[in-house]
Structure formats: C-alpha cells, structure tokens
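Numbering-wise (my numbering), the sequence shown opens with residue 481 and increments by one.
All C-beta atoms in this analysis are idealised placements derived from N, C-alpha and C, irrespective of residue type, glycine included.
Each remark here refers to the structure printed beneath this line.
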Amino acid sequence: MSPHQITVLGECVADAFTEPASTRNELALRVLPGGGPANTAVSLARLGTRARFLARLSGDVFGRLFRTHLEASGVDLSCAVAAAEPSTLAVAELDAQGQAAFSFHAQNTADWQWTPGELAGVDLSETACVHTGSLALVAEPGAAVVEDFLAAAAPRATISIDPNVRPLLVHPDVYRARLAHWCALADILRLSEDDLELLLPGTPPEQACDTWHAAGARLVVITLGADGALASLDGERLRVPAVTTQVVDTVGAGDSFTAGLLHHLTARGSLGGRLTDLGLDEVAEACRFATRVAALTCSVAGPNPPWRNQPALLATAGDS
C-alpha cells in the first residue's frame, strides 16, 4: 500500500437504472451509489491507495447507502460532513452500447452546500494529491469554496481535476468560463472526449492539450473511449490503446481511469508536488494501467471498479 494519501472532494450521487417492470404502468429502478468523485475515491481505495473522501452525505436512505458502500470499499470518511439536505439522484437510461443518458434531480441537495468552515480544519499533512471535479466545481453555492480549498492545498499537494461536464445540470459555458482558472490550479487535468467536445467544440485533442498547458496544467490526459487515451506532459505526447473488453455499460469508466492513473503515480512516489520529476515513460505506464482499470469497470454493471487482487490487475505494473 502506498504511504501517501489521496484526498478526493466532491459529490456522491444515487444512480438509478431503469429495469423491466412487472406491469406497463410502473417503472422499476435499481439504485447504485455513484457520482464521479465518489467513484474515484472507491476505485482508489480498492486499488490499495489510502483514499479519503470529503463529501456532504445526507442522512436519508441514499446517504446511508453511500456510507455503507464507501466504507465497505475502504474509503476514509472521517472528514465527511453529516448533511441535513437530501441526496442527489440521477436516473440513467442505457442504450444498446451501454452508454448512459442521465436525468438529474439535484436542486438544493447536500452535495453543493459547502461552507468555508466545513473544509477549514481538514489536515492535508499526509495528502500527496487532492482530486476533485464534476459538479462540485460548478454547482453553487459550494463551487467557490471548493476552488478556495484547492488553492490552499496546492502548496503542499498535487492537484488533480476532472471537469466531467454535465450539460443537463450546468451549461457548458459555466465550465468554459472557469476552465483556465482550474488549469492554473491543477497539475493534472483528466477529461473525456465528450468533455472536450463540450468545452472546445471541434478542437483536435492535441490542440486542446496545448491550450490547457498554456493555462497551467502540466499533465493533460484525454480518454477516447475505444480509441484509448491521449496523454500530454508539457507538450510531449503519447497514445495508449484501449483494452478490449465485453462492455456491460460505461458508467464510472472515466472515474476508474482517473483512479488508476493517480494510484500508479502515487505508488511510484510521483505525486506530492508539481510533477517536476515525472517522465513520459512513467505517464505511459500509468495510462496503460488506468485503461485496464477502466475496462474492468466497463465489464460489470454500474460504477463497480475492480479490487487490486483481481488477476487481471495483478499482471500489470500498477498493482503495487
């Protein structure tokens, strides 16, 4: 197990998947704990990295499900806030390829109500990396509080951001307006090809990497679905192929990729600063491991990332 902790900040969402019902005039839902940052924290812990999750968890039925799931995966919830507000709900419909289309029920829910006092006392002395993203960075009133927390954490920890654009809840213009500021805060920016198209429509991935490097991000990784991933370290680039798998659905795949990337880098002692000693060969290894973690997540239903003792992971370089 790595001696360094990764602190993840963000939301935990109840992902409800439609299922066949007994009659035509009812809808059956299967609810799984999800949410991009929560998925990443779970995946990190299952891979063997010490993962702490800063979240505002409701006391409702979904919040209790979140706590059980996170703790069973080994996630540290010692700094999670017991929130009075309800949990966020997302209803997912899957297409024939396992791609999910979400509708969100997120107004005034627990995840977005951060106050400065709730994060002021968080001890980062053992944290090598702070990771956040998704709606936590754009949903008010907590978004500004999260940004301030990242700025305060940056002198002592590597900062990782995954924008995870959700246009049904927040217009992409809001993400675009803040993205340069996030790059100035971030050492690592991981996003999907769908995010890229929403943030910089029609822009080639390589050009987007250069834009975000110029804004401050040293390592940019764009996941490209079946085409693998593009990684760019200060403008030096490489592509890693995807791992072939039988896809059940793609829910949580990007979050698991991020976890695999950060797990590999922290296990090698590369996190904890500005990535000054990181080389392209190590980025390639980390991305190869991350694609395998993502593929295993796609091979099962819902955001259910693999555990470190699974044979498919033990054969890779990232199982330390």
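**Asked** Any idea if D735 is buried or exposed, counting beta-carbon neighbours within 10 angstroms, 16 or more meaning buried?
**Response** D735 should be labelled buried.
**Prompt:** When you compare only the Cα positions, how much space is there between T595 and P566?
**Reply:** In this structure, the CA atom of T595 is about 17 Å from the CA atom of P566.
**Asked** Can you find at least 3 beta carbon pairs, one from the stretch 608-626 and one from the stretch 488-500, that sit closer than 8 Å?
**Response** The stretch 608-626 is in contact with the stretch 488-500.
**Message:** Rounded to whole angstroms, what is the Cα-Cα separation between T756 and R510?
**Reply:** About 45 Å.
**Message:** Tell me whether the stretch 634-644 and the stretch 656-670 touch, counting them as touching only if at least three CB pairs, one residue from each stretch, are closer than 8 Å.
**Reply:** Below 8 Å, enough C-beta pairs join the stretch 634-644 and the stretch 656-670 to call them touching: three or more.
**Message:** Could you give the first and the last residue of the continuous beta strand (DSSP E) run that contains Q485?
**Reply:** For Q485, the enclosing beta strand (DSSP E) covers residues 485-489.
**Prompt:** At what residues does the alpha helix (DSSP H) containing S736 begin and finish?
**Reply:** Here the alpha helix (DSSP H) through S736 covers 733-747.
**Message:** Buried or exposed, going by whether 16 or more other CB atoms sit within 10 Å of the CB of T548?
**Reply:** By the 10 Å Cβ count, T548 comes out exposed.
**Message:** Please classify S558 as buried or exposed, where buried requires at least 16 other C-beta atoms within 10 Å of its C-beta.
**Reply:** Counting Cβ neighbours within 10 Å, S558 comes out exposed, since fewer than 16 surround it.
**Asked** Does the stretch 706-723 touch the stretch 743-752, meaning 3 or more C-beta pairs lie closer than 8 Å?
**Response** Taking 8 Å as the limit for Cβ pairs, the verdict is that the stretch 706-723 does not touch the stretch 743-752.
**Prompt:** S474 and T703: beta carbons closer than 9 Å?
**Reply:** With the chain covering 481 to 800 only, the question about residue 474 has no answer from this structure.
**Message:** How far does the alpha helix (DSSP H) with R547 in it extend, from its first residue to its last?
**Reply:** Residues 541-552.
**Prompt:** By the 10 Å Cβ neighbour count, where 16 or more other Cβ atoms means buried, how is N505 classified, buried or exposed?
**Reply:** Per the 10 Å Cβ criterion, exposed.
**Asked** Among all the DSSP beta bridges, which residues are the ones paired with P513?
**Response** Looking at the DSSP output, P513 shares a beta bridge with A494.
**Prompt:** Whole-angstrom Cβ separation of A525 and S553, contact assumed at under 8 Å?
**Reply:** Yes, A525 and S553 are in contact; Cβ-Cβ is about 5 Å, under 8 Å.
**L758 versus V701: straight-line alpha-carbon distance, rounded** = Spanning the two alpha carbons is a distance of roughly 14 Å.
**Item:** Among G753, R636, L615, E598, nearest to H651 - alpha-carbon criterion
**Value:** Measuring from the Cα of H651, the nearest candidate turns out to be L615.
**Message:** Just to confirm my understanding: we take L512, look at its own chain, exclude 5 residues before and 5 after, and list those with CB closer than 6 Å. What are they?
**Reply:** Contacts found: D495, G782.
**Request:** Measure from the alpha carbon of L776 to the alpha carbon of each residue in A508, L604, T498, S523, then state which is nearest.
**Result:** Per the Cα distances, S523.
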